[in-house]
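So the sequence lines, in the order shown, correspond to chains V and S. Read in order, the letters of the first sequence correspond to residues 1 to 260 in our numbering. Read in order, the letters of the second sequence correspond to residues 261 to 667 in our numbering. Data first, discussion second: the structure below is written as structure tokens.
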Amino acid sequence: MTRDYRAVDGAESTLGQSPGQVPILELRDVHKVYKVGEVKVHALRGLSVRIMPGDFVAVMGPSGSGKSTFLNIAGLLDVPTRGKVFLLGRDVSRLNEVARARIRNRVIGFVFQQFNLIPRLTIYENIEMPLIPRGLPRRERKKLVLKALREAEGDTSWLPKKPLQLSGGQQQRVAIARAIVGRPRLILADEPTGALDRATAARIAALFIRLNREEKLTIVVVTHDPELAHCARKILMIRDGRIVGAEAPQPQRCIAYSRR
Amino acid sequence: MTASLIRILPDLARYAAKALTEKKLRSLLTIVGIAIGPMALTAILGVVQGYSNYVINQLEGLGQNLIILVPSANYDMSSSDIAFLRDLPGVKEVTPFYSLRAKAKQGVRDIDIAIYAVDLDVFFHALGKLRLEEGSLPPPGDTASAVIGHYIAFDETGTRYYRVGDVLTLTYYSFKRGRLIQHSISVIVAGVLAEFGNAFFVNPDVTVFLPLDAGPKLLGMKKWSGIIVVADSPAYVENLTKFLREVYGERANVISLIEISKVVASITAAMRFITIAAGSAAFAVAATGIAATMITSVMERTREIGVLKAIGFTDAEIVTSIILEAILMSLLGSAFGIAAGVAAAYALSTRGMVLQGMQVVIRAPPEITLPMIVKTIALTIVIGVLGSLLPAHRAARIPPAEALRYE
Ligand SMILES: Nc1ncnc2c1ncn2[C@@H]1O[C@H](COP(=O)(O)OP(=O)(O)OP(=O)(O)O)[C@@H](O)[C@H]1O
Ligand SMILES: [Mg+2]
């Protein structure tokens, strides 16, 4: 299993930043059908997309258009009914559960709307969580946790606290620290500002921009919020389970730069 | 894969421990439920084993080659019985005895004692464990001299009341023509026995032994209370006992101490079996308790399990952490249970076991052995694992995408 994973890692080194290279993430004609009793829900209907290394892509679309479904399949949390998923050039749509878990652990970092921190664990333990399956020594874990917290613009005074002792914005920064602590290549964020007020959302947006520019993280953000979408390098429109178009973002509309 | 799982085991255990502390009351109740099985097992098995070892030891100490014949109410034993018994193959010695219950003074206190008038040489020879601590056996003709038990000469605190040469007054009752008559006799202490320890039929520590002739001469008894048969070897006892039963039928009760120790051993085995069966029921209940608790906590943590999967925990790692949580509860439960069981065993055993009709109270420390504790802990852990299999399976099957949608 570990070997499989290294193959993915190995592909990494051949990747460049320029277009025409191997996409970090590619979905080809992905369909997803949910069966609820007798009813079939077509959440994705032939979705295809390529995300290049270093990209910052916002995916926008109406409610129920399949944004979360897309993100779950891209993040190996769900399997497509039909179609293929490539991560770092490798077909991952047919991997077994253990291999998928390993890839989620090392290549991908998730950020959710509801933060999804574990309430009984301290902030330190929450951020450390993705390092546990890797079996890293304690000291190394600590270094990575502190680094991730710093990059996520968090404060070390939070570390011994529990998530509910922090504000929503602070919790989301902790969640972002948890997403990047394992040095993944790809951040998948589902409505990361959906539960935050405007000022806090602006900080999170700025953080994503920085992580993309300075840490060279590839970021895919699913959002309803145009003000967040315009912070990205590219906006994809999704409707009825398909990508229906792309838009060039207008940076002046990005919430991180707007003053109000 | 397995190696990496073992490597992260301590971290998974830490996480499992944290999960337990989240719902403290529920975890505590489950642990208490788990503790009942180990507690019952430790307490009951410990006490039963303690008593049984004690009784068997005592019986064996009392003479494994003894057979006692006690005539029934309408049969009188005579010298022809003695002659018949003496000629049987495998029989070494035969002596009749007189016995009755009496009271003796220990300072201001009356204590219950037994009086045995018996051929002292034969009796003391047969019961090798019986030792004189002071004085000597009175000669057969000296019907007013006695050897007294340790706890007649001394009380429990070690205070002395009688020494060799002292006069001991014994009080007992008899019926004559429907009237209760009180008798008082005085004997001279010729010897004091070393402490023997509580025993079954004869309790030498609170017995006054007199020469056989004291029966009719001093106590005024006309009928033998019974006959003691000493076999050449314990190996003959069983067959002799069987034979004597056939011969005497209804006329006498034939008792052998070996037989009694066998009965005690089999009663103990039966009690152990019952205890283990009852204990297993308690363990089954514990397993269900663990299963119920863990299922609830797995359901409550559906979303969290989804997050763990998203973060990269494998199903095996999640299953392991759930099982570890149950094992942790089991370990705590068995620790509490065994501790409570040991305490209960000591509490039970100090109260002693009263053997009705024999006027004997057995006090023996419970026998709690390391293998027993290890087995109990192992069993509890197995129960924990069994109880958590279903919840763990449930947790592993949760699809991550759906778990994350779960409210
Ligand atoms: N697990 C599921 N079972 C059944 N139907 C589902 C499931 N997940 C999603 N769907 C359906 O699939 C469609 C797409 O859902 P999805 O959650 O991807 O939409 P979305 O674009 O993320 O919407 P929103 O903006 O409201 O989050 C919807 O009709 C939804 O009801
Ligand atoms: Mg959604």
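Glycine included, each C-beta is placed from N, C-alpha and C at the ideal position.
Between the CA atoms of residue j and residue i - distance to the nearest angstrom
i	j	result
V:Val41	S:Ile643	43 Å
S:Pro651	S:Ala276	14 Å
S:Thr535	S:Ala542	10 Å
S:Thr528	S:Ile520	12 Å
S:Gly617	S:Ser434	Confidence is the limiting factor: at S:Gly617 the pLDDT is only 46, short of 50, which leaves the residue's position unreliable and the question unanswerable from this model.
V:Arg239	S:Leu584	45 Å
S:Arg505	S:Ile327	11 Å
S:Lys283	V:Arg102	31 Å
S:Arg623	S:Ser312	11 Å
S:Ser339	S:Gly486	12 Å
V:Ile243	S:Thr640	56 Å
V:His224	V:Ile176	19 Å
S:Leu269	V:Leu188	29 Å
V:Ile108	V:Val220	11 Å
V:Gly16	S:Ala595	Residue confidence for V:Gly16 is low, a pLDDT of 40 falling below 50, so the modelled location carries little weight and cannot support an answer.
V:Ser65	V:Ile235	15 Å
S:Val545	S:Met554	14 Å
S:Ser516	S:Ser359	18 Å
S:Leu345	S:Thr355	10 Å
Top-ranked residue by Cα proximity to residue i, from the options
i	options	result
S:Phe357	S:Val351, S:Ile571 and S:Ala374	S:Ala374
S:Val490	S:Ile582, S:Pro399, S:Ser339 and S:Gly388	S:Gly388
V:Leu196	V:Arg210, V:Gln171 and V:Leu186	V:Gln171
S:Ser332	S:Arg346, S:Ser444, S:Arg511 and S:Asp492	S:Arg511
S:Asp492	S:Gly323, S:Val523, S:Ala538 and S:Val602	S:Gly323
S:Leu265	S:Arg561, S:Leu345, S:Ser359 and S:Ile578	S:Ile578
S:Pro349	S:Met632, S:Thr501 and S:Ile582	S:Thr501
S:Val497	S:Gly509, S:Ile316, S:Asn325 and S:Leu288	S:Asn325
V:Ala262	V:Arg185, V:Ile51 and V:Arg28	The structure shown does not extend to residue 262 of chain V, since chain V spans only 1 to 260, so no value can be given for it.
Residue i: CB within 8 Å of a non-hydrogen atom of ligand 4
i	result
V:Glu191	This structure lacks ligand 4; its bound ligands are ligand 1 and ligand 2.
Limits of the unbroken beta strand (DSSP E) element including residue i
i	result
S:Gly395	Leu392 to Gly395
S:Asp372	Arg369 to Val378
S:Ala471	The sequence as given places Pro at residue 471 of chain S; Ala does not occur at that position. Unbroken beta strand (DSSP E) run through S:Pro471: Thr467 to Pro471.
S:Gln366	Val351 to Gln366
V:Arg50	Val39 to Ile51
S:Pro331	Leu326 to Pro331
V:Gly54	Run containing V:Gly54: none; DSSP gives neither H nor E here.
V:Tyr124	Not the beta strand (DSSP E): V:Tyr124 falls in the alpha helix (DSSP H), residues Ile123 to Glu128.
S:Ser434	Val427 to Lys436
S:Gln442	Arg439 to Leu453
Unbroken alpha helix (DSSP H) run spanning residue i, endpoints
i	result
S:Arg505	Pro494 to Tyr508
V:Pro262	This structure leaves residue 262 of chain V out entirely; chain V is present only between 1 and 260.
S:Glu662	Pro660 to Arg665
S:Pro651	Leu630 to Arg657
S:Thr556	Leu517 to Glu560
S:Gly601	Asp575 to Arg611
Cross-chain neighbours of residue i in chain S, by beta carbon under 7 Å
i	result
V:Phe110	Ala570
V:Leu121	Lys278
V:Glu262	Nothing can be reported for residue 262 of chain V, as the shown portion of chain V is limited to 1 through 260.
V:Glu151	In chain order: nothing, as chain S lies at least about 18 Å away.
Where residue i meets chain V, residues with beta-carbon distance less than 8 Å
i	result
S:Pro626	Within chain V, no residue comes near S:Pro626; the closest Cβ sits about 41 Å away, beyond 8 Å.
8 Å CB neighbourhood of residue i in its chain, flanking five on each side removed
i	result
S:Lys363	Asp370, Ile371, Asp372, Ile373, Leu430, Thr431 and Tyr432
S:Leu608	Ala303, Val307 and Pro626
S:Leu664	Arg563, Gly566, Val567 and Ala570
S:Leu397	Leu380, Asp381, Phe384, Val407, Ala450 and Gly451
V:Ile118	Glu125, Asn126, Met129 and Pro163
S:Ile700	The requested residue 700 of chain S is not part of the displayed model; chain S covers only 261 to 667.
S:Ile598	Pro298, Met299, Thr302, Ile633, Thr636 and Ile637
Neighbour list for residue i in chain V, Cβ cutoff strictly below 7 Å
i	result
S:Ile268	Ile132, Pro133 and Gly135
S:Phe573	Ala101 and Pro133
S:Ala238	The question about residue 238 of chain S has no answer here: the residues shown for chain S are numbered 261 through 667.
S:Ser264	Gly135
Residues near residue i by beta carbon distance below 7 Å, same chain, minus five either side
i	result
V:Leu144	Leu131 and Val181
V:Arg203	Gly169
Chain V residues whose Cβ lies nearer than 9 Å to that of residue i
i	result
S:Val567	Phe110, Phe112, Asn116, Leu117, Ile118 and Met129
Same chain, Cβ closer than 6 Å to residue i, five either side skipped, listed in chain order
i	result
S:Gln619	Because the pLDDT of S:Gln619 is 48, which lies under 50, any placement of that residue in the model is unreliable, and the question is left without a value.
S:Leu301	Gly539 and Thr636
V:Phe112	Asp190
Interface partners of residue i on chain S, CB under 9 Å
i	result
V:Asp55	None at all; the shortest Cβ gap to chain S is about 21 Å.
V:Arg90	Ordered by position in chain S, no residue passes the 9 Å Cβ test against V:Arg90, which lies about 17 Å from the chain.
Within chain S, partners of residue i - CB distance below 8 Å
i	result
V:Val98	Met261, Thr574, Asp575 and Ala576
V:Arg104	Lys569, Ala570, Ile571 and Gly572
Check your understanding: Which of the residues in the segment 211-236 of chain V, read from start to end, lie with their CB under 7 Å from any CB of chain A?
Key -> Protein chains in the displayed structure are V and S, and chain A is not among them.
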